[in-house]
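In our numbering, the protein residues as written are 9 to 214.
Idealized CB from N, CA, C, for every residue including glycine.
Here is the structure we will look at.
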Amino acid sequence: MLSYMIFGITFAFAAAVQPGPLQTYIISQTLKKGWRSTLPAAFAPLISDIPILTLVLFLLSTMPDSFIVFLRIGGGLFLLYLAYGAFKSWQEFDADQNISTESGRQTLLNAVFVNLLNPAPYLGWSLILGPIFLEAWRIAPINGITLILSFYLTMVITLVGIIILFGFARKLGPMVSKILLALSAIALFVFGIYQLWQGIISLFMD
Numbered sequence: 009m010l011s012y013m014i015f016g017i018t019f020a021f022a023a024a025v026q027p028g029p030l031q032t033y034i035i036s037q038t039l040k041k042g043w044r045s046t047l048p049a050a051f052a053p054l055i056s057d058i059p060i061l062t063l064v065l066f067l068l069s070t071m072p073d074s075f076i077v078f079l080r081i082g083g084g085l086f087l088l089y090l091a092y093g094a095f096k097s098w099q100e101f102d103a104d105q106n107i108s109t110e111s112g113r114q115t116l117l118n119a120v121f122v123n124l125l126n127p128a129p130y131l132g133w134s135l136i137l138g139p140i141f142l143e144a145w146r147i148a149p150i151n152g153i154t155l156i157l158s159f160y161l162t163m164v165i166t167l168v169g170i171i172i173l174f175g176f177a178r179k180l181g182p183m184v185s186k187i188l189l190a191l192s193a194i195a196l197f198v199f200g201i202y203q204l205w206q207g208i209i210s211l212f213m214d
């Protein structure tokens, strides 16, 4: 159970600090309207991911176990790709870059739509979280529940932290963001190698 909790926490943290549509919205909303008005947007993944995870888990549950193994290998490769993207973002980070505030009028509902149109949750659930959740659930349901709870709790807490960070410490924000990018790149790389290795072992064991 502990291993699934650690994975959920680490992957959620890495996903939450990655530059993307939802993060851009949250930062721009914070810079325009302040942290109090933006805080509800941190809960957008809890709402937007419900139809996504329901669809993905339904499809994955109908697939043979061998297909899940290949998905896990694909998920490991995808994690390495995300790690490379995070590393490039860290290398090219510009502390003086201004963040657009044009999308600052959006509310929690708009944040949900932003995330629904974001391909990252679909890829994350189909290639990474979905197969691991099914594996954890088959071992013991508490493992799957732990994975989900740790993932979304960490996701919300990290997004809340980003909102407060840019609301109260705008001058410190860029440097902290660069540190978070570096940590996310390391986390994604480590778990990418781990998932790829586990997928290959499962493939040869079968």
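Residue environment for Y89: exposed (fewer than 16 other C-beta atoms within 10 angstroms of its C-beta). Shown here, M13 sits in a helix according to DSSP, grouped into three states.
Taken atom to atom, the span from the alpha-carbon of L10 to that of I35 is near 32 angstroms. Here A193 carries a helix assignment [DSSP, helix/strand/coil]. One thing to note: N151 has its Cβ no nearer than 9 angstroms to the Cβ of A52. Secondary structure at M71: coil, using DSSP grouped into helix, strand and coil.
A distance below 6 angstroms between beta-carbons, with the five flanking residues on each side excluded, links G16 to the following residues of its chain, in chain order: L155, S158, F159.
Secondary structure at Q206: helix, using DSSP grouped into helix, strand and coil. Beyond the five residues adjoining it in sequence on each side, L211 comes within less than 6 angstroms, by CB distance, of V77 in the same chain, given in chain order. Contact between the region 127 to 143 and the region 164 to 174 is not established, with fewer than three Cβ pairs separated by less than 8 angstroms.
Per DSSP, reduced to three states, the secondary structure at G82 is helical.
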